[in-house]
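Asks: The opening residue of the sequence shown carries number 0 in numbering that gives the first Met the number 0; numbering runs sequentially from there.
Think of the CB as a built atom: it goes at the ideal place given N, C-alpha and C, for glycine as much as any other residue.
Following this message is one structure expressed as structure tokens.
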Amino acid sequence: MPKLGMEAIRRRQVMDAVIHILSTNGWRDLTIREVSDVAGISSGVITHYFSNKRALTLDAINDATLQFVKALGKFENRRGDAASRLVALVDFVSQPSPAGIPEWRFWLSLFGRMPFDGVLQAEVQKVHRLYAEVIVRLIEAGVEEGSFRPSRRPADVAEKFISTAFGLCVPMVADPQAMPPERCRRLLLDLLGQDLGAALGDTPPAKALTMP
């Protein structure tokens, strides 16, 4: 965590710079100097508030995690029945650069480093757990409404969905022409529809939420 006293706008610039570098160039180019250049803030100011590059990086990753969880929460809490909210969430994660969160390149960069860093493993576990909790609550709401008839436990449906959704990030980044958003959306809705006993694949795209 940074020292107290750093202006919020400067911290946002620094966090965005770290996320941008990891999304576009990976870990190799993540240096204090590069962060300084991208953020437009002197390296002296950055090192004053962050003890070292690792502290800076971990704070940025935690910031990205909070952005992601906040975005998911908006779909859980929006108006509408459970099916429409779940479809809206699928519409969101099917985009190559979902609004309001770091693009999938950032998460793939994080996943690539994660097996070798216990702290990063904890961050990924946190994202996975909170993501699953949102999906489970939406499924349970759909069961109560009578629109979902899951063929397996909601937790298992959520695990299968999240694993597939993150897995599809790879072709979305590596070969976007072969995995456009429409195809990703269809695959995810078909998967959920099979497990929930609902024809989600026939649902038109939901109106997008505007993320702050």
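Which whole-angstrom value describes the C-beta separation of residue 17 and residue 59, a residue pair presumed to lie in contact below a C-beta threshold of 8 angstroms?
Replies: At roughly 4 angstroms, the Cβ-Cβ gap stays under 8 angstroms, so residue 17 and residue 59 are in contact.
Asks: Decide if residue 93 is buried, meaning its Cβ has at least 16 other Cβ atoms within 10 Å, or exposed.
Replies: So residue 93 ends up on the buried side.
Asks: Might you give, ordered along the chain, the residues of its own chain that have their beta carbon closer than 8 angstroms to the beta carbon of residue 39, omitting 5 neighbours on each side?
Replies: So the list reads 12, once near-sequence residues are dropped.
Asks: If distances are taken between C-alpha atoms only, which option among 151, 73, 134, 8 comes closest to residue 100?
Replies: Nearest of 151, 73, 134, 8 to residue 100, Cα basis: 73.
Asks: Is the region 151-158 touching the region 130-139 in the sense that three or more CB pairs, one from each, lie closer than 8 angstroms?
Replies: Short answer: they touch.
Asks: Considering just the uninterrupted stretch of the alpha helix (DSSP H) at residue 193, what are its terminal residues?
Replies: Taken as a continuous stretch (DSSP letters only), the alpha helix (DSSP H) holding residue 193 covers 180-195.
Asks: What would DSSP say about residue 132, mapped onto helix, strand or coil?
Replies: Looking at residue 132 - three-state DSSP - the assignment turns out to be helix.
Asks: Check the C-beta distance from residue 197 over to residue 162 and give it rounded, since I have them as a contact under 8 angstroms.
Replies: At roughly 20 angstroms, the Cβ-Cβ gap does not stay under 8 angstroms, so residue 197 and residue 162 are not in contact.
Asks: So what does DSSP say about residue 147, is it helix, strand or coil?
Replies: If DSSP states are grouped into helix, strand and coil, residue 147 belongs with coil.
Asks: From what residue to what residue does the alpha helix (DSSP H) around residue 99 run?
Replies: Careful: residue 99 lies outside any alpha helix (DSSP H) and carries neither H nor E.
Asks: Specify the secondary structure class of residue 30 as computed by DSSP and reduced to three states.
Replies: In this structure, residue 30 counts as coil in the three-state DSSP scheme.
Asks: For residue 207, count neighbouring Cβ atoms within 10 angstroms of its own Cβ and tell me buried if that reaches 16, exposed if not.
Replies: The predicted model places residue 207 with a pLDDT of 46, which falls under 50 and marks its position as unreliable, so this point remains unresolved.
Asks: Do three or more CB pairs link the region 113-127 to the region 60-69 at distances below 8 angstroms?
Replies: Taking 8 angstroms as the limit for Cβ pairs, the verdict is that the region 60-69 does touch the region 113-127.
Asks: Please look up how many angstroms separate the CB atoms of residue 148 and residue 195, rounded, as I've assumed it's under 8 angstroms.
Replies: Sure, about 7 angstroms apart at Cβ, within 8 angstroms.
Asks: Mapping the DSSP letters down to three states, classify residue 176 as helix, strand or coil.
Replies: If DSSP states are grouped into helix, strand and coil, residue 176 belongs with coil.
Asks: Quick one: using the 10 Å Cβ neighbour count with 16 as the cut-off for buried, is residue 103 buried or exposed?
Replies: It is buried - the Cβ of residue 103 has at least 16 other Cβ atoms within 10 Å.
Asks: What are the start and end residues of the alpha helix (DSSP H) that includes residue 39?
Replies: Here residue 39 belongs to no alpha helix (DSSP H), and DSSP marks it neither H nor E.
Asks: Assuming residue 83 is part of the alpha helix (DSSP H), what are its boundary residues?
Replies: Where residue 83 is concerned, the enclosing alpha helix (DSSP H) stretches over 81-92.
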